[in-house]
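In the working numbering, the protein residues as written are 3 to 298. Note that CB positions come from ideal geometry on N, CA and C, so glycine has one too. All values derive from a computational prediction rather than experimental measurement. Worksheet: the structure to be examined is printed underneath.
Structure below.
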């Protein structure tokens, strides 16, 4: 295959640090974030092509594995439960077996998405048999970037990628700690369309999902009126913007275009390094309580 096996263990981001995530100002990570977002489309492609389709589109989504330091896609359908993972710290795709053992690695820096698709197709032919399959591609409306075309992924972004790996690892860790054991919370997933990592609390379910009362909680890399990453807590249906509860010490209500409590990465960077984790956790707890109150 056009990819190398692991020759040495990569450092796992199993000990997440908001300070490591903030080694770069949020606006210095924008271009690298876009490259990582486009790389994630390969995992979505694998899910779309090989996994059993799900109504909620989660067959194209990813979960964060602290053990692997990677976004891991859905299990492929069939007797051999392969999965494709994306390791942000070195921008590598990893084909995993059913026990999450590494079958093959494709390092994206210096290579194009088409080369990665060719590697994946050849890998599936090698490990599942038959001719190389046609890999389907998601139809998501993606932000423009040269790597979305024929350009190669950057070679010189290891430090920025390490910061982004720490960012998503830190977010996954705190979401798991606060919401992972709750019966009303969905699995924490990274959605390849907007590249947000989130869970959904169901306050009151309805047959029509659009009529259910929910609270979305997560990390967004940009979008929704923001150019850089932020944490958000979004009640649905959107409550009256003139009667939103106070959020306390940190964060603000976003009410233009959508309604939700927001704590931006730029704000987090201003916190004392030793306070960042506690203040982020405090924001999420207060904002979740405020969103629940707003939905009454």
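*Since residue 226 and residue 253 are thought to touch, with beta carbons under 8 Å apart, how far apart are those beta carbons, to the nearest angstrom?*
Rounded, the Cβ-Cβ distance is 14 Å, inconsistent with contact.
*asked:* Quick check on this structure: which residue in 194, 176, 235 has the alpha carbon closest to the alpha carbon of residue 203?
replied: 235
*For residue 132, is the classification buried or exposed, using 16 other Cβ atoms within 10 angstroms of its Cβ as the cut-off for buried?*
exposed
*First through last residue of the beta strand (DSSP E) which encompasses residue 265*: 262-266
*Name the one or two DSSP bridge partners that residue 217 has.*
203, 237
_One or two residues paired with residue 74 in a DSSP bridge_ = 65, 87
*Within this structure, are the beta carbons of residue 83 and residue 100 separated by less than 8 Å?*
yes
*Helix, strand or coil at residue 101 [DSSP, three-state]*: coil
*In the DSSP assignment, find the beta strand (DSSP E) that holds residue 254 and state where it starts and stops.*
254-256
*Check whether the Cβ atoms of residue 271 and residue 27 lie closer than 8 Å to each other.*
yes
*Should residue 161 go down as buried or exposed, given a rule of 16 or more other Cβ atoms within 10 Å for buried?*
exposed
*Reducing DSSP to helix, strand and coil, say where residue 187 ends up.*
strand
*Do you know how far the Cα of residue 21 is from the Cα of residue 158?*
21 Å
*Counting Cβ pairs, one atom from each stretch, are 3 or more of them under 8 Å apart for the stretch 174-181 and the stretch 87-98?*
no
*What does a CB cutoff of less than 7 Å around residue 123 pick up in its chain, not counting 5 residues either side in sequence?*
134, 135, 137
*Please work out which residues of its chain come closer than 6 Å, Cβ to Cβ, to residue 164, disregarding the five sequence neighbours upstream and downstream, and give them in chain order.*
91
*Looking at C-beta atoms only, is the number of pairs between the stretch 234-251 and the stretch 279-290 that lie closer than 8 Å three or more?*
yes
*Tell me, please, which residues DSSP counts as bridged to residue 129.*
Its beta-bridge partners do not exist; DSSP assigns none.
*Name the two residues that bound the continuous alpha helix (DSSP H) containing residue 230.*
Run containing residue 230: none; DSSP gives neither H nor E here.
*Quick one: using the 10 Å Cβ neighbour count with 16 as the cut-off for buried, is residue 208 buried or exposed?*
exposed
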